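In the numbering used here, the protein residues as written are 4 to 204.
As C-alpha cells, then:
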C-alpha cells in the first residue's frame with residue numbers, strides 16, 4: 004500500500020504554537036486532520052488498481068479514475084496558489100462579517116455529491132503530468148507542502164477573504180475547501196469502483 008502520511012502529521016502536531024493573529028491550535032489541528040485524512044483516503048482508494056481500472060469510464064462523457072486524480076492534483080496546485088496570493092493581501096478584521104458559511108457547513112457542502120457542479124476548463128484533466136504515477140506523485144508533494152505550510156504559518160487566515168461562486172470564505176476556509184474538494188472526488192472514484200461494469204482486474 005502506498006505510504007500514508009499519518010506518522011508525519013503526528014510529528015507536526017507536537018510542534019504546534021499559537022500566535023496572536025495566527026490560527027488557534029484547534030483550527031490548525033482541524034485543517035491538518037482534514038488534509039491528512041483526504042490524502043490517505045485517496046491513497047487507499049487507488050491502491051492496487053490496474054491500468055484498465057484506472058482508465059475505465061462509466062459513460063463516454065464521464066471521467067475515469069485517472070482523470071479524477073489529475074483533477075484533484077490540478078486543483079491542489081490552483082487552490083494553494085490562491086491561498087498564498089490571498090495571504091499576501093492586507094488582513095482586515097472587518098472582513099469577518101463578509102464570510103457567508105461556517106467551516107463545517109463548507110465541508111459538508113463540498114463533499115455532497117448530490118450537488119453537481121460544472122468543472123471549469125482550467126481544472127479539466129488533459130494528461131498534463133504524463134502518467135498516473137506522476138500525477139499521484141505531484142499531488143502527494145503538493146499536499147505535504149500544504150500541510151507543512153498550515154502547520155508553520157503564523158499568518159492571519161481569518162481576516163482575509165476570497166469570493167467563491169457560492170459566497171465569501173476566509174483564507175482558512177480555502178484550506179478546508181481544498182481538502183473537501185479532494186474528498187468529493189474520492190467519493191466519485193468510489194462510485195466508479197462500485198459501478199456494475201467496473202473491470203474485475
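Using N, Cα and C, we set each Cβ at its ideal position, and we do this for glycine too. The structure presented is a predicted model; accordingly, all values stated were derived computationally and were not measured.
Discussion item. Can you confirm whether the stretch 164 to 181 touches the stretch 97 to 110 when touching is taken to mean that 3 or more C-beta pairs between the two stretches lie within less than 8 Å?
Written reply: yes
Discussion item. Which same chain residues end up closer than 6 Å to residue 72 when comparing Cβ atoms and leaving out the 5 residues on each side of it in sequence?
Written reply: 138
Fill in: Own chain partners of residue 128 with C-beta closer than 6 Å, once the 5 adjacent residues on each side are dropped
70, 73 and 74
Worksheet item: Do residue 141 and residue 76 have their C-beta atoms closer together than 8 Å?
Response: yes
Worksheet item: Which residue comes first and which comes last in the alpha helix (DSSP H) that contains residue 173?
Response: Boundaries around residue 173 are those of the beta strand (DSSP E), 170 to 173, since no alpha helix (DSSP H) includes it.
Fill in: Other residues of its chain near residue 185: CB distance less than 6 Å, five sequence neighbours each side excluded
Around residue 185: 41 and 75.
Worksheet entry | Same chain, Cβ closer than 6 Å to residue 34, five either side skipped, listed in chain order | 153 and 178
Discussion item. Looking at the secondary structure, which residues open and close the beta strand (DSSP E) in which residue 165 lies?
Written reply: 164 to 167
Worksheet item: How many Å lie between residue 114 and residue 191 at the Cα?
Response: Roughly 10 Å separates the two Cα atoms.
Practice prompt. Check each candidate in 89, 189 and 203 and name the one with the smallest Cα separation from residue 158.
Written response: By alpha-carbon distance to residue 158, the top candidate from 89, 189 and 203 is 89.
Worksheet item: Excluding the five sequence neighbours on either side, which residues of its own chain have a C-beta within less than 7 Å of the C-beta of residue 86, listed in chain order?
Response: 174, 177 and 178
Worksheet item: Of all the beta strand (DSSP E) runs that stay within the bounds of the stretch 48 to 133, which reach a length of 3 or more residues?
Response: List check, beta strand (DSSP E) in window: nothing returned.
Worksheet item: For residue 94, which of 163, 26 and 172 has the nearest alpha-carbon?
Response: 163
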